[in-house]
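Undergrad: Keeping their order, the protein sequence lines are chains A and B. Using my numbering, the letters of the first sequence map in sequence onto residues 1 to 247. Using my numbering, the letters of the second sequence map in sequence onto residues 1001 to 1313.
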Amino acid sequence: MRNVLSLVLTGLLGWGCAQPPQQRVSFPLVGRGVAAGTFTARGWEVTLTTARLGLGPAYFCVTQADKPELCETPLVEWAATATLDALSPVDQPLGEITGISGEIRSVQFDYAITWFNTQQEPSATAAAPDGHSAVLAGTARKDGNIIHFHASVDVLPYSQGQRAVLGMPVSATVDTQTARMVGLVDPSTWFAQVNFDALLATPGDGGPPPSPQEIFVELGPGSSAHNALVLQLTVNQRPAFVAEPAP
Amino acid sequence: MKRSPGVVLLFAGVALGCTGTSNGSSTSSGGTATGRVQLFLEAEENVTAGLVPGTADENIKDGWTVTYSRFLVNIGDFEATQSANAAGHLHAHEYRVLNLQALPASGYVWETFENVDANQAWDRVSYALDRATAASIRDPGVDQADYDRMVQNGYSLYVEGSITNPAGMACPRGTSCVARTQVDFRWGFDTGTRFSDCGPEEGVLGFSVTAGGTTAVKPTLHGDHWWFTTYAHDVSERRAQWLANCDLNGDGEVTTAELEQTVAADVFDTAIYNLSGAPAGAINTALDFARTATRTLGHFQGDGECEGMQILH
Chain A
1 MRNVLSLVLT
11 GLLGWGCAQP
21 PQQRVSFPLV
31 GRGVAAGTFT
41 ARGWEVTLTT
51 ARLGLGPAYF
61 CVTQADKPEL
71 CETPLVEWAA
81 TATLDALSPV
91 DQPLGEITGI
101 SGEIRSVQFD
111 YAITWFNTQQ
121 EPSATAAAPD
131 GHSAVLAGTA
141 RKDGNIIHFH
151 ASVDVLPYSQ
161 GQRAVLGMPV
171 SATVDTQTAR
181 MVGLVDPSTW
191 FAQVNFDALL
201 ATPGDGGPPP
211 SPQEIFVELG
221 PGSSAHNALV
231 LQLTVNQRPA
241 FVAEPAP
Chain B
1001 MKRSPGVVLL
1011 FAGVALGCTG
1021 TSNGSSTSSG
1031 GTATGRVQLF
1041 LEAEENVTAG
1051 LVPGTADENI
1061 KDGWTVTYSR
1071 FLVNIGDFEA
1081 TQSANAAGHL
1091 HAHEYRVLNL
1101 QALPASGYVW
1111 ETFENVDANQ
1121 AWDRVSYALD
1131 RATAASIRDP
1141 GVDQADYDRM
1151 VQNGYSLYVE
1161 GSITNPAGMA
1171 CPRGTSCVAR
1181 TQVDFRWGFD
1191 TGTRFSDCGP
1201 EEGVLGFSVT
1211 AGGTTAVKPT
1221 LHGDHWWFTT
1231 YAHDVSERRA
1241 QWLANCDLNG
1251 DGEVTTAELE
1261 QTVAADVFDT
1271 AIYNLSGAPA
1281 GAINTALDFA
1291 RTATRTLGHF
1301 QGDGECEGMQ
1311 ILH
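This is the structure:
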């Protein structure tokens, strides 16, 4: 009886202590967009001709996404920035992720504009397309109206020392068997809250806008359309990060 | 096979020790040090006092005054365990419908636990706000009509109030601004959330019991999260203009239907708001924003955080 008991206890202790040791890991990060096409956004048919996205740096944490302040040291990180063609469905090398093995539960990242504690104000990195987080261009069509738009989108960190995206859930295990991580983006989802109707010219008497119209619009910071794009990029339609093991 | 009486008694003893009771006691780890735990429910001061405009951290920055006239919750399922002692378990199962504006000044005693182990920390603490049911206990501070509203609608939280500003404007969907000095709201939420891994502002998670004494443990509900501009609470501002901009029919009241009809991008300026740390799903509408706020109200010992959150409904 005593021998059986000691065997059981030894097994239990062995299981409890035999957690895999943490190991240094390093693997590439690639980005991937989607092929250009036409999509619908709040009743408008939208076709993008340009969607360049500045991404990074990114810090992957073991803590939950809604407690970013608890992630003082990330498990793995991509301490660089890169430009991604979001209309290209092919893999695009972005850089190298390094750190130690473990379970990722969240990520904090910037869109190529950083505001570290050492910086006086938000600053665009070299990878920010034209100095912005994203450059988007295309046309939106509805009821004969055509809006040619261009957007220089700036996604700024909320305050010094923080990332633009404070915390996003990610579920991934990274170890020495991880071949790479893929960052997936779909720029069509960024337009879900853009109100193209409000961009049409309206007469001063409050009547309906003249139709049809063909206009050229810059969706710059301060506009409601720019606001809608930033909300999607930071809250609702952020990149998906997927860790892939070696085949 | 018939169980022997000895086996039946053993199972009964284990069951009592493992599940605890509403006057729960814990199994000591071997030492004899125990104490009493009094479980209080606290409401942040702004639940009764509201929020005023100003420049201080906890003021409303855009000129509005927030006043609550009703603040009902269905709260319960408090649980505390010990990492260092698997047998340690405190559990107050019942849910109670409470009026947070009618809590006693000396504190609302939710439960009392006697003979609680004082040798090891109670480092895993959780409780829940969940949908009221007929099993929810009506606190005497809640009138029958309010209780029935909570139960019949399955609300976890019901709040009434108004925002006022003598120079207030309402700009539905960000355009066509009109003068609006008061906007009322009456919102019921059926979100269910468990707040876990709760701890004080400083120190380790949970609480430790004073041997031979009484330890106060205080789950705390905050009342200002609908006015936050970011989920990073330590740097958030408080603003209320977004609510005025949701008054789509201009009648001076914003209903949950109007919240649902309001696209988030139309009322949350990203130059002011960063909602990227939203703990529960997308924020496509103002209703998503308001519902998400209810999932962040649970705190501990005042401003201490609950680091875990589980969506029950």
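All C-beta atoms in this analysis are idealised placements derived from N, C-alpha and C, irrespective of residue type, glycine included.
Pull up the CB-CB distance for V1183 of chain B and L1243 of chain B, whole angstroms please, since I reckon it's below 8 Å.
TA: In the second sequence, the residue the question calls residue 1183 of chain B occupies position 183. In the second sequence, the residue the question calls residue 1243 of chain B occupies position 243. Yes, V1183 of chain B and L1243 of chain B are in contact; Cβ-Cβ is about 6 Å, under 8 Å.
Undergrad: Can you say whether P212 of chain A is buried or exposed, counting buried as having 16 or more other CB atoms within 10 angstroms of its CB?
TA: Within the first sequence, numbered from 1, the residue matching residue 212 of chain A stands at position 212. The residue in question, P212 of chain A, is exposed, as its Cβ has fewer than 16 Cβ neighbours within 10 Å.
Undergrad: When the Cα of E1202 of chain B is compared with those of B:C1306, B:P1140 and B:W1064, which residue comes out closest?
TA: Your numbering for residue 1202 of chain B matches position 202 in the second sequence. Among B:C1306, B:P1140 and B:W1064, the Cα nearest to that of E1202 of chain B belongs to B:C1306.
Undergrad: Helix, strand or coil, according to DSSP, for P210 of chain A in the structure here?
TA: The residue given as residue 210 of chain A occupies position 210 in the first sequence. Coil at P210 of chain A, not helix or strand.
Undergrad: Could you check what DSSP says for G1277 of chain B in three-state terms: helix, strand or coil?
TA: Position 277 of the second sequence, counted from the start, is the residue given in the question as residue 1277 of chain B. If DSSP states are grouped into helix, strand and coil, G1277 of chain B belongs with coil.
Undergrad: Suppose the cutoff is 7 Å on Cβ atoms and the five residues either side in sequence are ignored; what does the same chain contact list for G1035 of chain B look like?
TA: In the second sequence, residue 1035 of chain B corresponds to position 35, counting from 1. Excluding positions up to five away in sequence, the list reads V1116, A1118, V1209, T1210, A1211, G1212, G1213, T1214 and T1215.
Undergrad: The alpha helix (DSSP H) that contains W1242 of chain B, what's its start and end?
TA: Counted from its first residue, the second sequence places residue 1242 of chain B at position 242. W1242 of chain B -> alpha helix (DSSP H) spans Q1241 to A1244.
Undergrad: Can you list, in chain order, the residues of its chain whose CB lies under 6 Å from that of A228 of chain A, leaving out five sequence neighbours each side?
TA: In the first sequence, the residue the question calls residue 228 of chain A occupies position 228. Q193 and V194, listed in sequence order.
Undergrad: Give a yes or no on whether the minimum CB-CB distance between G207 of chain A and chain B is below 8 Å.
TA: Taking the first residue of the first sequence as position 1, residue 207 of chain A is located at position 207. For G207 of chain A, no CB of chain B lies under 8 Å from its own CB, so it is not counted at the interface with that chain.
Undergrad: Near S133 of chain A, which residues of its chain fall below 6 Å by C-beta distance, leaving aside the five closest residues on each side in sequence?
TA: Indexing the first sequence from 1 puts residue 133 of chain A at position 133. Within the same chain, G54, Y111, A112, I113, V153, D154 and V155 come within 6 Å of S133 of chain A by CB-CB distance, once the 5 residues on both sides are set aside.
Undergrad: Between which two residues does the alpha helix (DSSP H) holding Q1038 of chain B run?
TA: Against the second sequence, residue 1038 of chain B aligns to sequence position 38. In this chain, Q1038 of chain B is not harboured by any alpha helix (DSSP H); it is covered by the beta strand (DSSP E) spanning T1034 to A1043.
Undergrad: Could you say if the segment 1248-1256 of chain B and the segment 133-142 of chain A meet the contact criterion of at least three C-beta pairs nearer than 8 Å?
TA: Not touching, per the Cβ criterion.
Undergrad: Could you say which of B:T1191, B:D1288 and B:Q1101 lies nearest to Q1310 of chain B if we only look at CA atoms?
TA: As a position in the second sequence, residue 1310 of chain B is number 310, starting the count at 1. Of B:T1191, B:D1288 and B:Q1101, the residue nearest in Cα terms is B:T1191.
Undergrad: So what does DSSP say about W78 of chain A, is it helix, strand or coil?
TA: One-based indexing of the first sequence puts residue 78 of chain A at position 78. Here W78 of chain A sits in strand by DSSP.
Undergrad: By the criterion of Cβ-Cβ separation under 9 Å, what are the contact partners of Q120 of chain A in chain B?
TA: Locating residue 120 of chain A in the first sequence gives position 120, where the first residue counts as 1. Per Cβ cutoff of 9 Å: no residues; Q120 of chain A is ~17 Å from chain B at best.
Undergrad: Note the first and the last residue of the continuous alpha helix (DSSP H) segment covering F1289 of chain B.
TA: For the purposes of this step, residue 1289 of chain B is taken as the residue at position 289 of the second sequence. Its alpha helix (DSSP H) spans residues A1286 to T1294.
Undergrad: Establish whether the CB of A1278 of chain B and some CB of chain A are separated by less than 8 Å.
TA: Taking the first residue of the second sequence as position 1, residue 1278 of chain B is located at position 278. At least one chain A Cβ lies under 8 Å of A1278 of chain B.
Undergrad: Under a three-way DSSP split, which group does V1235 of chain B fall into?
TA: Residue mapping note: residue 1235 of chain B aligns to position 235 of the second sequence, counting from 1. Helix at V1235 of chain B.
Undergrad: Under 8 Å, with one C-beta from each stretch per pair, do the segment 1169-1176 of chain B and the segment 1127-1141 of chain B reach the 3-pair mark?
TA: Touching, no.
Undergrad: Can you pull the chain A neighbours of L1243 of chain B, defined as C-beta to C-beta under 7 Å?
TA: Mapped onto the second sequence, residue 1243 of chain B falls at position 243. Going along chain A, no residue has its Cβ under 7 Å from L1243 of chain B, so there is no contact; the nearest lies around 17 Å.
Undergrad: For R1180 of chain B, which option in B:V1235, B:R1186 and B:Q1241 has the closest C-alpha, if you only look at C-alpha atoms?
TA: As a first step, residue 1180 of chain B must be located in the second sequence, where it is residue number 180. Of B:V1235, B:R1186 and B:Q1241, the residue nearest in Cα terms is B:Q1241.
Undergrad: For D130 of chain A, tell me which candidate among A:T83, A:S188, A:P122 and A:A198 has the shortest Cα-Cα distance.
TA: What you label residue 130 of chain A is simply residue 130 of the first sequence in a count that begins at 1. The option with the nearest alpha carbon to D130 of chain A is A:T83.
Undergrad: N117 of chain A versus chain B: which residues are under 9 Å apart at the beta carbon?
TA: For the purposes of this step, residue 117 of chain A is taken as residue 117 along the first sequence, with counting starting at 1. None at all; the shortest Cβ gap to chain B is about 13 Å.
Undergrad: Which same chain residues, not among the five before or five after G1308 of chain B, have their C-beta less than 7 Å away from its C-beta?
TA: In the second sequence, counting from the first residue as 1, residue 1308 of chain B sits at position 308. Closer than 7 Å at Cβ, skipping near neighbours: S1196 and D1197.
Undergrad: So E69 of chain A contacts chain B; which residues on that side make the cut at Cβ distance below 7 Å?
TA: On the first sequence, position 69 is the one that residue 69 of chain A refers to. Chain B residues near E69 of chain A: A1232 and D1234.
Undergrad: Over what stretch of residues does the beta strand (DSSP E) that includes S224 of chain A continue unbroken?
TA: Position 224 of the first sequence holds residue 224 of chain A. Segment S224 to L231 is the alpha helix (DSSP H) holding S224 of chain A; no beta strand (DSSP E) there.
Undergrad: Show which residues of chain A have a CB atom less than 8 Å away from the CB atom of N1284 of chain B.
TA: Against the second sequence, residue 1284 of chain B aligns to sequence position 284. Residues of chain A passing the Cβ test: A192, Q193 and N236.
Undergrad: Could you list which residues in chain B have their beta carbon closer than 8 Å to that of S133 of chain A, in chain order?
TA: Position 133 of the first sequence, counted from the start, is the residue given in the question as residue 133 of chain A. Simply none; closest approach about 11 Å.
Undergrad: For V153 of chain A, name the three-state secondary structure that DSSP assigns.
TA: Taking the first sequence and counting its residues from 1, the one referred to as residue 153 of chain A is at position 153. Of the three classes helix, strand and coil, the one that applies to V153 of chain A here is strand, per DSSP.
Undergrad: Note down, in chain order, all residues in the segment 1255-1268 of chain B with a beta-carbon under 9 Å from any beta-carbon belonging to chain A.
TA: V1263, A1264, A1265, D1266 and F1268
Undergrad: Please go through the same chain and pick out, in chain order, the residues whose beta-carbon is closer than 6 Å to the beta-carbon of F39 of chain A, but skip the five residues on each side of it.
TA: As a working mapping, residue 39 of chain A is identified with position 39 in the first sequence. Excluding residues within five positions, the ones whose Cβ falls inside 6 Å are V46 and S188.
Undergrad: Based on Cα-Cα distance, which residue from A:V174, A:Q162, A:M168 and A:A35 lies nearest to Q232 of chain A?
TA: Indexing the first sequence from 1 puts residue 232 of chain A at position 232. The candidate whose alpha carbon is nearest that of Q232 of chain A is A:M168.
Undergrad: Tell me which same chain residues have a C-beta within less than 6 Å of the C-beta of D175 of chain A, skipping the five on either side of it?
TA: As a working mapping, residue 175 of chain A is identified with position 175 in the first sequence. For D175 of chain A, where only same-chain residues beyond five positions count, the Cβ hits under 6 Å are S101.
Undergrad: Y1108 of chain B and L1041 of chain B - do their beta-carbons sit closer together than 8 Å?
TA: Here residue 1041 of chain B refers to the residue found at position 41 when the second sequence is read from its first residue. Here residue 1108 of chain B refers to the residue found at position 108 when the second sequence is read from its first residue. Result yes, Cβ atoms of L1041 of chain B and Y1108 of chain B sit closer than 8 Å.
Undergrad: Report yes or no: is there a C-beta of chain A within less than 8 Å of the C-beta of T1021 of chain B?
TA: The count along the second sequence starts at 1 and reaches residue 1021 of chain B at position 21. Low confidence applies to T1021 of chain B: its pLDDT is 37, below 50, so where it sits in the model is not reliable enough to give any reading.
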